[in-house]
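Residue numbers (this note's numbering), protein chains in the order written: chain U, 23 to 502; chain Z, 17 to 148; chain B, 817 to 1358.
Even for Gly, the Cβ is constructed at its ideal location relative to N, Cα and C.
All remarks here apply to the structure that follows.
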Amino acid sequence: MVPVISGVTCPVCGSFCDDIELVVKNNAITDVKNACAVGVAKFLNYTNHRHVIPLIRKNGELVETSLDEAVRKSAEILVDATYPILYGWSSTSCEAIRVGLELAEEVGGVIDNTSTICHGPSILSIQDIGISSCTLGQLRHRADIVIYWGSNPWSAHPRHIERYTAFSTGRFQATAWRGYLSRLGAILTKKRLMRAVNLVLRRDVSAPPGIDRRLPYSLFRKGRKMIVVDVRRTRSAELADYFLQVEPNSDYELLQAFRMLIRDEELDVDEVAGVPVEILEEVADIMIGCELGILFFGLGLTMTKGKLRNIDAALSLVRDLNQRTKFLIMPMRGHFNVTGANVVFTWQTGYPYAVDFSQGFPRYNPGETSMIDILCRGESDAGLIIASDPVAHFPREAAQNLVKNPLIVIDPEVTPTSLMADVVIPSAFVGIEVEGTAYRMDHVPLPLKKVVEPPENCLSDVEILQRILREARRIRRRYN
Amino acid sequence: MPKLKVSLLTGRTIDQGKGKEFGKLSEEYWKSVAICEMDPNDIKELGIRENDSIKITTDFGSAVVRAVKSKRTPHPKVVFIPYGPWASLIMNPRTHGTGMPSLKGIPAEIEPAPKERVLSLPELLKEHYARE
Amino acid sequence: MDLAIRNGRIVERVDEKKAEVIDASGMLVMPGGVDIHCHIAGAEVNSGRLLRPEDHFRDVEVKTAVTRSGVGYSIPSTFTTGYRYARMGYTTVMNPSMPPLEARHTHEELDDTPMVDKATYPLLGDWWFVLEHLRDGQIEECAAHVAWMMSATKGYAIKIVNPGGLEAWGFGRNVKNLDDSVPYFNVTPREIVRGLCKVNKLLNMPHTIHVHTNNLGKPGNYITALETMKCVEDLAEGKRPVIHITHCQFCAFKGSDWQTMSSGAEEIAKYVNHHDHVTLDMGQVIFTDTTTMTADGPFQYGLYNLTGNKWVNHDVETETSSGIVPFRYKRKSAVHATQWSIGLELALLIKDPWKIYMTTDHPNGGPFTAYPNIIAWLMSRVARKKTLGKISKRARRKSLLPSIDRELSFYEIAVVTRAGQAKALNLTQKGHLGVGADADIAVYGINPEQIDPSKKYKTVRRAFRRAAYTIKDGEIVVKNGQIVKSVFGKTFWVDVKTSLPMEVNDDLKQKFREYWTVEYENYPIPDRFLHFPAPIPVKAEV
Chain U
23 MVPVISGVTC PVCGSFCDDI ELVVKNNAIT DVKNACAVGV AKFLNYTNHR HVIPLIRKNG
83 ELVETSLDEA VRKSAEILVD ATYPILYGWS STSCEAIRVG LELAEEVGGV IDNTSTICHG
143 PSILSIQDIG ISSCTLGQLR HRADIVIYWG SNPWSAHPRH IERYTAFSTG RFQATAWRGY
203 LSRLGAILTK KRLMRAVNLV LRRDVSAPPG IDRRLPYSLF RKGRKMIVVD VRRTRSAELA
263 DYFLQVEPNS DYELLQAFRM LIRDEELDVD EVAGVPVEIL EEVADIMIGC ELGILFFGLG
323 LTMTKGKLRN IDAALSLVRD LNQRTKFLIM PMRGHFNVTG ANVVFTWQTG YPYAVDFSQG
383 FPRYNPGETS MIDILCRGES DAGLIIASDP VAHFPREAAQ NLVKNPLIVI DPEVTPTSLM
443 ADVVIPSAFV GIEVEGTAYR MDHVPLPLKK VVEPPENCLS DVEILQRILR EARRIRRRYN
Chain Z
17 MPKLKVSLLT GRTIDQGKGK EFGKLSEEYW KSVAICEMDP NDIKELGIRE NDSIKITTDF
77 GSAVVRAVKS KRTPHPKVVF IPYGPWASLI MNPRTHGTGM PSLKGIPAEI EPAPKERVLS
137 LPELLKEHYA RE
Chain B
817 MDLAIRNGRI VERVDEKKAE VIDASGMLVM PGGVDIHCHI AGAEVNSGRL LRPEDHFRDV
877 EVKTAVTRSG VGYSIPSTFT TGYRYARMGY TTVMNPSMPP LEARHTHEEL DDTPMVDKAT
937 YPLLGDWWFV LEHLRDGQIE ECAAHVAWMM SATKGYAIKI VNPGGLEAWG FGRNVKNLDD
997 SVPYFNVTPR EIVRGLCKVN KLLNMPHTIH VHTNNLGKPG NYITALETMK CVEDLAEGKR
1057 PVIHITHCQF CAFKGSDWQT MSSGAEEIAK YVNHHDHVTL DMGQVIFTDT TTMTADGPFQ
1117 YGLYNLTGNK WVNHDVETET SSGIVPFRYK RKSAVHATQW SIGLELALLI KDPWKIYMTT
1177 DHPNGGPFTA YPNIIAWLMS RVARKKTLGK ISKRARRKSL LPSIDRELSF YEIAVVTRAG
1237 QAKALNLTQK GHLGVGADAD IAVYGINPEQ IDPSKKYKTV RRAFRRAAYT IKDGEIVVKN
1297 GQIVKSVFGK TFWVDVKTSL PMEVNDDLKQ KFREYWTVEY ENYPIPDRFL HFPAPIPVKA
1357 EV
């Protein structure tokens, strides 16, 4: 009998699927069932390019060292710094984050997680307006209108649609998969027909086809419907019943226009964000007429012009829709435990990210105490990066200031950030080699499983952080 | 040389997601992030072919990447580079007091770069992030 | 008299020569405080913390050698919560609202709440399994499933909020009264309350069902409160309570709209004075800027409509909902001032202090740090008069307080802030100073034989704000209102043993994927998850 481990949670994206099945032989994962392509890639390839020995930089080169030495040097760097930063956290367990907060408080540093370059603006908006939301099961059971705005689940959360929304089945709503299949059949047939016709009539098809904005019949019948709003036709847009293509950087105007329309106000213009108002009126009617609607939004809203003001508008739109029907909204969180990072930060410090302990109590002021700003201003003088890769993902100026100063990296894998570090401490993979807790994008906490043993020198993030914390306390006592 | 003014988007793709699980130093990762997805008409206008090197410049930096035909057309004058070290070279770090830099909708200019090749990840790190 | 403590318990005697001696002569010694209902941990509380950075900016706690840093005000961070309770001499705290699917979150936060023993109540009044079993009259099957849920979520008691209303809120609706049918489920709130009351008895749970009634916060809702209490009258046996109506102030409104809203405390007090099957807690309002948070989704949406404040809503699949809205209670608002009066009227008109306990439904009525203010109002007519003088004239005219002379004694305060609550919860080792009790003791710097609380209410307030000593499990943790030692308390949970657990497991396994979006094996919290678990084994009648 081949041992199959079921109910494994996938430590990759915010969908945090917990129905993965793994086949483990001789302490290695050999087969993965139910996961998406990215999940499969993770479970089968996580051992490539990994650190197994702690490293320390001597004379410009990273050389092997002992764990004790690496821990000691890390603690020294943090204690000696005036304004150290501790960043990452979104891809490790809540248990590790709790220790990280204690460490940041001990050394008087700034602790921040990846929300700062992801859904930070969403959080800022929620703090101003609130949010009408739910757990994903509510949508699987009840949602008949599913809107993805500035979000491409097919690429970033591949199983989202089949597990929780349009292609899932719940108590009150059935899957729209069959509808999609017949639509797909019709689309492909039409495409073939058009190609044949164009060939016969020798039409020049290099010019892009005009955007057909007519609402399809399927949007008006009962049952689940999916609408995608985006600036380009993503894969998710192709699965949708309706794709609303909009001009870049005009989501704020469009959301506010919808707010007016659902209150039965008339718009004074002919089009908004490149979309004719008649179309917007029809879409607004569909929103009002649903039983329960959900608006998922992604970085298309947080990162474009307006940033948190875009989210303000989206949150307000959904809140206003509750006067007419039941409507909910949810940000599509990227990492599998970024929600957990926000949750743990908040319960221990009162604030979800960008927490500054330099004055002995938690301070929060995104724009001042957030990572990118601190780095671009060149204010930090040491960094600890855990479960994250800022050199790959931060704007160049910020990454350059990060690597200028003493840098500690705790990560199982070799990354651009670990290549530039002064101390590298290899850790075990949480969710594969270490247990823990993490929070799905809808705040549901689930257990991370341990299915294989980690290599001998790779401790869990929790243990590594606890050792650094102990050592930091020892050093501070010595100074006093 | 023809130049094109475009709006730059960055974001996730399944290939980039898979690629990073193979390891950031892997060939798969490099292939998935050192690229720029463009509308085929824009590629034509620039006078290049798919897989040619292009140089994309914003107010914040420039990068040489491989041009790739987008399957998500039409999106004239909008290009897409997946998250990664190349996209990071040209994103807007200014957060306007919100903590959030601008990673999408950045005005950019594209030109063919026939004489330049796309750097490997170690080379890129050395050029931009190595300490003096 | 002397109290002897060894190994965390109160004992007959100890060797005085070897013991540490605390001279509490001239001071007031009570069992450590017990709070039966305060929202301090879990999804809803944390969303409230996130929602209100402005609430935290004005109230910070700096890190010390002994304590972690943190923030207040109405929703303190977890460490601060524990420290502030301990400083007031409290040692046991109950978190009353836990969405079962997110139970792990509640326990993670409770584990990070120092100084106090704690427990939490899972929300079961709208759980699909409960609704379906009760619709079909299957009390025993319902009981078996509730037992499973209690163990799975490490819960302490059955919590019911706006029964039926939360499921209706799944599609944006609500229920209007005890006999309004829940859409799609064909069961009424009356059946839910009665059904779960029977289940509670079958399972021999230490506490009664803990109920937040339908129609909360609606003028005229005192009728619903009375009906809810009446609907389980026949299920009572002897003098033991079978239902606890929580934060009763919020469901003691008379009148038909906000203009005519007035106090229904007299009617409720009359009923409670003549019936022994009910216990209540006050839900006292404080005039301050605070945050409302309950599992009552539709009610919270109503509050948003009333105030225009920011509003958080979080529906939990298959189980429950929640909502959060910041709220300011103003002295000059006739409605808010009437609410303030109602809480005190309830406490003073109900003759038996063992039936009504002091809470603010923290943070709904106000932060728990305001408890000393309430003690002052309860003990002193003068204190009440002073506040009455500052409130809305209309409310003052309607208030019953000017005609109430009663002032609670120190003994009665001990009952409403600790002994009574411990008894209602059946925590036999808490709330008293007899031999065998946990050594959870509060010493307050006030001499009950010299101070007249009726006149010196400010002294009373000061004394209860900063305990002279707080002793937890036999260790001195607070001295003069300062934390001197950081400790972590236990998490109580009820381990219900039924006779056929396997059948329930199979039934749930089959239906799990249909009902929830998580796997059956990932739902229950393993025993080792809690840092300091203290299971209370209980044998059920099923």
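- Ranked by how close their Cα comes to the Cα of G322(U), the residues A178(U), V26(U), D150(U) and E124(U) have A178(U) in first place.
- Using a Cβ distance threshold of 7 angstroms, L470(U) and T114(U) do not count as a contacting pair.
- Take the alpha-carbon of E128(U) and the one of T368(U): they are about 18 angstroms apart.
- Within the stretch 147-207 of chain U, the complete beta strand (DSSP E) segments of 3 residues or longer fall at 152-156 and 167-171, listed in chain order.
- By the CB criterion at 7 angstroms, D942(B) and Q160(U) fall outside the cutoff.
- Against chain U, the CB of P869(B) has a partner CB under 7 angstroms away; the residue lies at that interface.
- Counted as a single uninterrupted DSSP element, the alpha helix (DSSP H) harbouring V1009(B) occupies residues P1005 to L1018.
- Under the Cβ distance rule, L1164(B) does not count among the residues neighbouring chain U, no pair being separated by less than 7 angstroms.
- Of the residues V962(B), Q1245(B), V1300(B) and A1085(B), the one whose Cα lies closest to the Cα of N1020(B) is V962(B).
- Nearest CB-CB separation between M463(U) and chain Z: not below the 7 angstroms threshold.
- For W1309(B), the enclosing beta strand (DSSP E) begins and ends at T1307 to K1313.
- The DSSP-derived three-state label of D483(U) is helix.
- Of the candidates Q1116(B), E1161(B) and E1135(B), the residue whose Cα lies closest to the Cα of V1141(B) is Q1116(B).
- Taking each of M463(U), D292(U) and P434(U) in turn and checking the Cα distance to P477(U), the smallest one comes out for P434(U).
- Collapsing the DSSP output to three states places C1047(B) in coil.
- Note on geometry: alpha-carbon atoms of P448(U) and E125(Z) lie some 40 angstroms from one another.
- Of the residues assessed, H112(Z) falls on the exposed side of the cut-off, its CB having fewer than 16 other CB atoms within 10 angstroms.
- Below the 7 angstroms Cβ cutoff, chain U contributes I394, C398, P417, E419 and A420 as neighbours of P109(Z), in chain order.
- Interface residue (Cβ-Cβ distance to chain U less than 7 angstroms): R28(Z) is classified as such.
- Within the stretch 450-500 of chain U, the complete beta strand (DSSP E) segments of 3 residues or longer fall at 458-461 and 467-470, listed in chain order.
- For the stretch 54-128 of chain U, the full-length beta strand (DSSP E) segments reaching 3 residues or more read 77-80, 83-86 and 106-110 along the chain.
- Residue burial is scored here from C-beta neighbours: V219(U) has fewer than 16 other C-beta atoms within 10 angstroms and is therefore classed as exposed.
- Under the 7 angstroms criterion on CB atoms, H357(U) is classed as non-interfacial with respect to chain Z.
- One alpha carbon belongs to F1001(B), the other to D1323(B), and they sit about 19 angstroms apart.
- Scanning D871(B), K1274(B) and M1174(B) for the CA closest to the CA of R1197(B) turns up K1274(B).
- Fully contained in the stretch 1066-1150 of chain B are the following beta strand (DSSP E) runs of length 3 or more, in chain order: 1094-1097, 1105-1110, 1127-1131 and 1139-1144.
- Residue environment: E300(U) is assigned as exposed (fewer than 16 neighbouring CB atoms within 10 Å of its CB, all protein chains considered).
- DSSP, reduced to helix, strand and coil, places L424(U) within a helical segment of the structure shown.
- Under the three-state reduction of DSSP output, M54(Z) falls in the strand class.
- Assigned with DSSP and collapsed to three states, G1250(B) falls in coil, not helix or strand.
- From the beta-carbon of E832(B), no residue of chain U is found nearer than 9 angstroms; the closest lies around 36 angstroms away.
- Remark: three or more beta-carbon pairs, one from each stretch, lie closer than 8 angstroms, so the stretch 59-71 of chain U and the stretch 27-46 of chain Z are flagged as touching.
- Here I51(U) is bridged, per DSSP, to V46(U).
- Nearest to Y1187(B) by C-alpha distance, out of V1232(B), R1210(B), K1209(B) and P930(B), is V1232(B).
- For F318(U), the pairing in a beta bridge is given by DSSP as Y170(U) and M352(U).
- Around the C-beta of G192(U), 16 or more other C-beta atoms lie within 10 Å, and the residue is accordingly described as buried.
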